[in-house]
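Structure first, commentary second.
In structure tokens form, the structure reads like this:
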């Protein structure tokens, strides 16, 4: 139990004041209910003595206590649910920030792909949230258990300690169930990651799936993974639901012995009807409290597993490091230099070795070579998506690793073969080149990219939504919007990564006009196989 709270406390600590309020409400709720056994025990005596006043007063007091506890319970649960929502939002915020800072290598090597990362954002945090919601029970019910147990001791301490004798055995069984749930929770959450990834691939690859008639294969993959998820979930549910009946069955033995003892005492007139009612009701309250705490602990075991998986991402070190006092980007730089640059993804996969290259400001340099030669890696290093294993990349004599990462990337514009457009309007996609600028420059940028005319032909012009990844536009049109975005950014360094390789000759001609406008006066690194794209390059490497 302590280990669970130790792992969850960092997320709850910022809400300590609210949690204190939740605990205080829980204590008063338990106190209101705890008076019920005593009041209930006095009813038979009132009936027996013909005490009309107490006969009416006791039910009203019981009702009042429960109504007051219900009102307090509303605020108690409201604040706990609100805290759990705050925790969930904060975790999603932290995870999103982490996703945005991790380097490309992390995403390329993450086994379960983007579907797994989405699952951690949605499913795992939902599990954590569900566990935190149960903290209300765990903070409230121990008070109820303590009050009930104290009252039972007050009624008959020998009877109470006989009842408590079974607690260690029941606790041991419950701990075994909780550990089992924790084990299967990890597999279940991993299974959900795989399920999410299959769904994402099916949606992202709809065209390929339909073109190659892969519907049955994708359906079978989904069904197989869904069965695996269901099986692991069934094991969790079976252990969650079995823990209650098992503990109740064990407790029933002690209760049966208890009733035999009470019956014997009653026959000898040593135990009144009122005491019997009080004792049984207090046992019921105690049993209900134990059951709720038990259910809360099992849910928190699942939340702990989900939080561990989340911290596997949050503690990830695959980020591009920044020094404490970065150097400013040199305003009057004259060249980009790759100085003895080597790069490898791992010990066996050497991509670049001892690269030396100088690019003068305003030059357009073509990078040519076979696939896998390291062309894309070279430009990824310039944008600091990775850092070189050895050597340095310098702009104006300043190593880029010593520069502010945000400032460095603000000086580099990227146009790739695989165009990515946000599911937003045309205007905002072009504007995303630099949101710090006024949107008034969007239309001039589109004109230079040879995109203005086809944009105006759409139903809402620049306010037309492009669809997911720009699905409403052709490849050439998407590419021209991408070029307009780069023009709008107006960065001095330009990277073109196979920008026209996937286009037909007619689309390429239109896009090339936009590229010519984009490259004018800029330092450009061009990866291309088509001569049309590199015809203006003054050097090749």
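Numbering (our numbering), first residue to last: 189 to 729. For glycine and all other residues, C-beta sits at the position ideal for the given N, C-alpha and C.
Burial state of residue i (16 or more Cβ within 10 Å)
i: residue 323; result: buried
i: residue 619; result: buried
i: residue 708; result: exposed
i: residue 682; result: buried
i: residue 727; result: Confidence in residue 727 is poor, its pLDDT being 48 and thus under 50, which makes the residue's placement too unreliable to answer from.
i: residue 279; result: buried
i: residue 199; result: buried
i: residue 650; result: buried
i: residue 325; result: buried
i: residue 491; result: buried
i: residue 731; result: The chain is shown from 189 up to 729; residue 731 falls before or after that span and cannot be answered.
i: residue 379; result: buried
i: residue 548; result: exposed
i: residue 630; result: buried
i: residue 259; result: exposed
i: residue 360; result: exposed
i: residue 444; result: exposed
i: residue 381; result: buried
i: residue 241; result: exposed
i: residue 357; result: exposed
i: residue 557; result: exposed
i: residue 538; result: exposed
i: residue 712; result: buried
i: residue 224; result: buried
i: residue 196; result: buried
i: residue 679; result: buried
i: residue 665; result: buried
Boundaries (first-last residue) of the beta strand (DSSP E) holding residue i
i: residue 603; result: 600-604
i: residue 548; result: 537-548
i: residue 505; result: Element bounds for residue 505: n/a, residue is neither H nor E.
i: residue 684; result: 681-685
Three-state secondary structure assigned by DSSP to residue i
i: residue 660; result: coil
i: residue 412; result: helix
i: residue 515; result: strand
i: residue 558; result: coil
i: residue 586; result: strand
i: residue 621; result: coil
i: residue 579; result: strand
i: residue 443; result: helix
i: residue 668; result: helix
i: residue 300; result: coil
i: residue 637; result: coil
i: residue 402; result: coil
i: residue 714; result: strand
i: residue 653; result: strand
i: residue 607; result: coil
i: residue 392; result: helix
i: residue 361; result: helix
i: residue 704; result: helix
i: residue 726; result: Only weak support exists for where residue 726 lies, its pLDDT of 48 falling under 50; the coordinates are left without a value.
Continuous alpha helix (DSSP H) stretch holding residue i: start and end
i: residue 328; result: 323-343
i: residue 641; result: 640-644
i: residue 612; result: From DSSP, residue 612 is part of no alpha helix (DSSP H); its letter is neither H nor E.
i: residue 270; result: 240-289
i: residue 526; result: That residue, residue 526, is in no alpha helix (DSSP H); its beta strand (DSSP E) goes 523-534.
i: residue 207; result: 204-222
i: residue 563; result: 563-570
Check whether the segment 264-271 and the segment 204-224 are in contact - that is, three or more C-beta pairs closer than 8 Å. Under the 8 Å Cβ criterion, the segment 264-271 counts as touching the segment 204-224, having at least three qualifying pairs.
Please confirm if the segment 407-426 is in contact with the segment 357-375, defined as three or more CB-CB distances below 8 Å between the two stretches. The segment 407-426, when compared against the segment 357-375, does touch it at the 8 Å Cβ threshold.
Below 8 Å, how does it come out for the segment 666-678 and the segment 597-615: are there three or more Cβ pairs, yes or no? The segment 666-678, when compared against the segment 597-615, does touch it at the 8 Å Cβ threshold.
The segment 581-601 / the segment 632-648 touching (three or more Cβ pairs under 8 Å): Because the criterion of three Cβ pairs below 8 Å is not met, the segment 581-601 and the segment 632-648 do not touch.
Assess contact between the segment 501-516 and the segment 344-351, defined as three or more Cβ pairs (one per stretch) separated by less than 8 Å. Is contact present? Taking a contact to require three or more Cβ pairs closer than 8 Å, the segment 501-516 and the segment 344-351 do not qualify as touching.
Is it true that the segment 426-437 meets the segment 359-370, where meeting means three or more beta-carbon pairs spaced less than 8 Å apart? Taking 8 Å as the limit for Cβ pairs, the verdict is that the segment 359-370 does touch the segment 426-437.
Three or more C-beta pairs closer than 8 Å, one from the segment 495-512 and one from the segment 325-344: is that the case here? Counting Cβ pairs under 8 Å, fewer than three are found: no touch.
Below 8 Å, can you find three or more Cβ-Cβ pairs linking the segment 461-474 to the segment 227-234? Touching, per the Cβ criterion.
Count the CB pairs spanning the segment 525-541 and the segment 563-579 that are closer than 8 Å, and state whether there are at least three. Put simply, the segment 525-541 touches the segment 563-579. At least three CB pairs are less than 8 Å apart.
Decide yes or no for the touch test of the segment 438-450 against the segment 409-417: beta carbon pairs closer than 8 Å, at least 3 of them. The answer is no - the segment 409-417 does not touch the segment 438-450, with fewer than three Cβ pairs under 8 Å.
Three-pair Cβ contact test at 8 Å for the segment 281-297 versus the segment 231-247: In short, these stretches do not touch, since the Cβ pair count stays below three.
Using 8 Å as the threshold, is the segment 385-396 in touch with the segment 299-306, meaning 3 or more CB pairs across them? Judged by pairs of C-beta atoms under 8 Å, the segment 385-396 touches the segment 299-306, as three or more such pairs exist.
Are the segment 388-400 and the segment 310-318 in contact at 8 Å, needing three or more beta carbon pairs? No, the segment 388-400 is not in contact with the segment 310-318.
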